[in-house]
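Only one structure is covered here, and it is reproduced in the block below.
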Amino acid sequence: MVIECKHVWEHISGYLDQTLPPEVLEQVQKHLEHCEICSAILDSTRNILILTADERVFELPLGFSERLHARVEEEIRGLAP
Amino acid sequence: MATELRDESRMIASILAGDVQVFHELIRPYERRVYAMALSFLRNEADAEDAAQEAFLKAFRNLASFRGDAKFGTWLVSIALNEARSRIRRRDAVKMESLDEPDDEGQTSPALLLDWKEIPSEALERKEVRFLLHKAVTALPLIYREVFQLRDIEQLSVNEAAQALGITVSSVKVRLHRARMMLQKALAPQLKEMAPKRRWWAWS
Numbered sequence: 104m105v106i107e108c109k110h111v112w113e114h115i116s117g118y119l120d121q122t123l124p125p126e127v128l129e130q131v132q133k134h135l136e137h138c139e140i141c142s143a144i145l146d147s148t149r150n151i152l153i154l155t156a157d158e159r160v161f162e163l164p165l166g167f168s169e170r171l172h173a174r175v176e177e178e179i180r181g182l183a184p
Numbered sequence: 351m352a353t354e355l356r357d358e359s360r361m362i363a364s365i366l367a368g369d370v371q372v373f374h375e376l377i378r379p380y381e382r383r384v385y386a387m388a389l390s391f392l393r394n395e396a397d398a399e400d401a402a403q404e405a406f407l408k409a410f411r412n413l414a415s416f417r418g419d420a421k422f423g424t425w426l427v428s429i430a431l432n433e434a435r436s437r438i439r440r441r442d443a444v445k446m447e448s449l450d451e452p453d454d455e456g457q458t459s460p461a462l463l464l465d466w467k468e469i470p471s472e473a474l475e476r477k478e479v480r481f482l483l484h485k486a487v488t489a490l491p492l493i494y495r496e497v498f499q500l501r502d503i504e505q506l507s508v509n510e511a512a513q514a515l516g517i518t519v520s521s522v523k524v525r526l527h528r529a530r531m532m533l534q535k536a537l538a539p540q541l542k543e544m545a546p547k548r549r550w551w552a553w554s
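First to last, the sequence lines map onto chains A and B. Going from the first sequence to this note's numbering is simple: count from 1 and add 103. Going from the second sequence to this note's numbering is simple: count from 1 and add 350.
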């Protein structure tokens with residue numbers, strides 16, 4: 104069965120997570136082989152996931168750890184769980 | 351992940367038995383995750399840091415009630431979520447927040463690009479690229495942002511994310527897909543446009 108681009112888009116997440124059922128996976132793969140647009144969408148989505156997962160995007164503020172552990176230490180001294 | 355090699359239940363037992371200093375070590379791998387969750391809710395660094403600290407203190411105070419049926423990290427994230435949510439309520443931002451949340455049925459079409467393929471890791475050396483990514487994630491409506499943050503940034507499993515957020519696994523999947531598509535739509539054209547004319551850049 105041939106599927107249209109917009110149906111492929113619905114499966115991009117599942118494709119990236121490798122959770123598509125085998126028959127859907129096969130249809131999506133076949134489509135991707137000949138459709139440059141959907142391949143580009145898949146690539147750019149994958150790239151964005153790689154980029155946003157990089158620790159440098161969501162960095163801890165400078166001194167966060169020190170301030171946190173100082174506060175935890177105060178708490179520990181004041182009260183045992 | 352390094353946390354897998356640690357025996358967290360043993361650490362927790364030690365803390366409860368009185369070796370409270372172990373708590374510092376117990377929470378170290380989760381600092382970023384808890385902060386990032388708070389930030390994704392509160393969208394303000396100072397508030398997020400305060401909420402994150404409070405979440406860790408609450409975890410310490412309530413450690414005896416940790417049952418071990420979830421991972422410690424997941425339990426910690428739910429505490430952070432509750433803390434951030436209650437702060438949002440206090441800030442009375444709930445009304446504003448709900449206005450920009452499309453309903454679960456909404457469709458997102460991706461940005462159509464043919465020539466954006468490989469990204470060199472050098473892209474992230476550039477502050478403006480990091481800023482753009484940060485801004486796009488932060489701009490997602492809350493129900494998508496929280497799922498994306500847990501699953502794609504903090505790399506929790508679908509089940510763990512569902513547990514931490516108190517929603518079903520299928521809601522996690524649906525929202526995650528929407529979040530990814532919204533980010534693709536928002537970011538792909540911008541990232542491509544920002545590509546400077548440099549030799550190593552493969553976007554244009």
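Positions of the beta carbon are idealized from the N, C-alpha and C atoms, including for glycine. This structure is a prediction, so every number in the text was calculated from the model and none was measured.
When you compare each of Ile179/A, Pro164/A, Ile144/A to Leu533/B by their alpha carbons, which one comes out closest?
Translated into the one-based positions of the second sequence, residue 533/B becomes position 183. For the residues Ile179/A, Pro164/A, Ile144/A, the minimum Cα distance to Leu533/B belongs to Ile144/A.
Between the C-alpha atoms of Lys535/B and Glu136/A, what's the straight-line distance to the nearest angstrom?
Sequence index remark: in the second sequence, residue 535/B carries index 185 (1-based). Sequence index remark: in the first sequence, residue 136/A carries index 33 (1-based). Looking at the two C-alpha atoms, the distance is approximately 22 Å.
Please list, in chain order, all residues of the same chain as Ala430/B whose beta carbon is under 6 Å from its beta carbon, the five residues on each side excluded.
The residue you call residue 430/B lines up with position 80 of the second sequence. Closer than 6 Å at the Cβ level, and outside the excluded window around Ala430/B, lie Val384, Met387, Ala388, Ala405.
Which residues, in order along the region 128–144 of chain A, keep a beta-carbon less than 8 Å from a beta-carbon of chain B?
Glu139, Ile140, Ala143, Ile144
Using CA coordinates, which residue listed in Met531/B, Ser521/B, Ser520/B is at the minimum distance from Ala486/B?
Reading the second sequence from its first residue, position 136 is the one you call residue 486/B. Per the Cα distances, Met531/B.
With a cut-off of 8 Å, do at least 3 Cβ pairs link the region 520–531 of chain B to the region 108–124 of chain A?
Touching, yes, given that three or more Cβ pairs across the two stretches are closer than 8 Å.
Counting pairs of beta carbons, one from the region 361–374 of chain B and one from the region 387–401 of chain B, are three or more of them closer than 8 Å?
no
Which bits of chain B does Leu163/A rub up against, with CB to CB less than 8 Å?
Counting from one through the first sequence, the residue named residue 163/A turns up at place 60. Chain B residues near Leu163/A: Glu381, Arg382, Tyr385.
Would you tell me roughly how many angstroms separate the C-alpha atoms of Ala156/A and Lys477/B, rounded to the nearest one?
Position 53 of the first sequence, counting from 1, holds the residue named residue 156/A. Position 127 of the second sequence, counting from 1, holds the residue named residue 477/B. Looking at the two C-alpha atoms, the distance is approximately 15 Å.
Step through the CB atoms of chain A and report whether any lies within less than 8 Å of the CB of Asp502/B.
Walking along the second sequence from the start, residue 502/B turns up at place 152. Chain A, which has a Cβ nearer than 8 Å to the Cβ of Asp502/B, makes this yes.
Mind checking Val518/B: buried by the 16 CB within 10 Å criterion, or exposed?
Taking the second sequence and counting its residues from 1, one reaches residue 518/B at position 168. According to the sequence displayed, residue 518/B carries Thr and not Val. The residue in question, Thr518/B, is exposed, as its Cβ has fewer than 16 Cβ neighbours within 10 Å.
Verify whether the separation of the beta carbon atoms of Arg437/B and Leu392/B is less than 8 Å.
For the purposes of this step, residue 437/B is taken as residue 87 along the second sequence, with counting starting at 1. For the purposes of this step, residue 392/B is taken as residue 42 along the second sequence, with counting starting at 1. Their beta carbons are under 8 Å apart, which means Arg437/B touches Leu392/B by this criterion.
Going by the beta-carbon positions, is the gap between Phe373/B and Ile179/A smaller than 8 Å?
Walking along the second sequence from the start, residue 373/B turns up at place 23. Walking along the first sequence from the start, residue 179/A turns up at place 76. In this structure, Ile179/A lies closer than 8 Å to Phe373/B by Cβ.
Any idea if Gln513/B is buried or exposed, counting beta-carbon neighbours within 10 angstroms, 16 or more meaning buried?
Taking the second sequence and counting its residues from 1, the one referred to as residue 513/B is at position 163. Looking at its Cβ environment, which holds 16 or more other Cβ atoms inside 10 Å, Gln513/B is buried.
Are the CB atoms of Arg501/B and Ser390/B nearer to each other than 8 Å?
By one-based count along the second sequence, residue 501/B stands at place 151. By one-based count along the second sequence, residue 390/B stands at place 40. Taking 8 Å as the Cβ cut-off, Arg501/B and Ser390/B do not qualify as a contacting pair.
Would you mind stating whether Ile167/A and Glu381/B have Cβ atoms separated by less than 8 Å?
By 1-based counting over the first sequence, the position of residue 167/A is 64. By 1-based counting over the second sequence, the position of residue 381/B is 31. Sequence inspection shows Phe at residue 167/A; the Ile mentioned does not correspond to that position. Going by C-beta atoms, Phe167/A is nearer than 8 Å to Glu381/B.
Quick one: measure Cβ to Cβ for Arg298/B and Arg170/A, integer angstroms, because I've assumed they're closer than 8 Å.
Absent from the structure is residue 298/B, since the part of chain B shown begins at 351 and ends at 554.
Between the Cα of Ile365/B and the Cα atoms of Leu506/B, Thr488/B, Glu395/B, Ala414/B, which residue gives the shortest distance?
Numbered from its first residue, the second sequence carries residue 365/B at position 15. Selected option, being the one with the closest Cα: Ala414/B.
Closer than 7 Å by beta-carbon distance: list the chain B residues that pair up with Glu169/A, in chain order.
Position 66 of the first sequence holds residue 169/A. Within chain B, no residue comes near Glu169/A; the closest Cβ sits about 11 Å away, beyond 7 Å.
How big is the Cα-Cα spacing for Ser428/B and Leu515/B?
The residue given as residue 428/B occupies position 78 in the second sequence. The residue given as residue 515/B occupies position 165 in the second sequence. Computed Cα separation, rounded: 7 Å.
Using CA atoms only, rank isn't needed, just tell me which of Asn432/B, Arg441/B, Gln505/B is closest to Ala409/B.
Within the second sequence, the letter at position 59 stands for residue 409/B. The shortest Cα separation from Ala409/B among Asn432/B, Arg441/B, Gln505/B belongs to Asn432/B.
Once DSSP output is grouped into helix, strand and coil, what is the label at Glu107/A?
Residue 107/A sits at position 4 when you count from the first residue of the first sequence. Three-state DSSP puts Glu107/A in coil, outside helix and strand.
Between Pro539/B, Ala461/B, Ala511/B, which has its C-alpha nearest Lys109/A's C-alpha?
Position 6 of the first sequence holds residue 109/A. It is Ala461/B whose Cα lies nearest to the Cα of Lys109/A.
Within this structure, are the beta carbons of Pro164/A and Glu395/B separated by less than 8 Å?
Residue mapping note: residue 164/A aligns to position 61 of the first sequence, counting from 1. Residue mapping note: residue 395/B aligns to position 45 of the second sequence, counting from 1. Against a cut-off of 8 Å, the Cβ pair of Glu395/B and Pro164/A comes out as a contact.
Can you find a CB in chain B that lies within less than 8 Å of the CB of Glu199/A?
Nothing can be reported for residue 199/A: it is not among the residues displayed for chain A, which extend from 104 to 184.
Mapping the DSSP letters down to three states, classify Ala489/B as helix, strand or coil.
Taking the second sequence and counting its residues from 1, one reaches residue 489/B at position 139. Coil, per DSSP.
Does any residue of chain A bring its CB to less than 8 Å from the CB of Gln403/B?
Residue numbering aside, residue 403/B sits at position 53 when the second sequence is read from its first letter. Residue-level contact by beta carbon holds for Gln403/B and chain A, with a gap shorter than 8 Å.
What in chain A is Cβ-close to Ala538/B, meaning under 9 Å?
Here residue 538/B refers to the residue found at position 188 when the second sequence is read from its first residue. Near Ala538/B (Cβ distances below 9 Å), the residues of chain A are Ala143, Ile144, Ser147, Thr148, Asn150, Ile151.
What does His172/A reach in chain B if we use C-beta pairs closer than 8 Å?
Taking the first residue of the first sequence as 1, we reach residue 172/A at position 69. The answer, in chain order, is His374.
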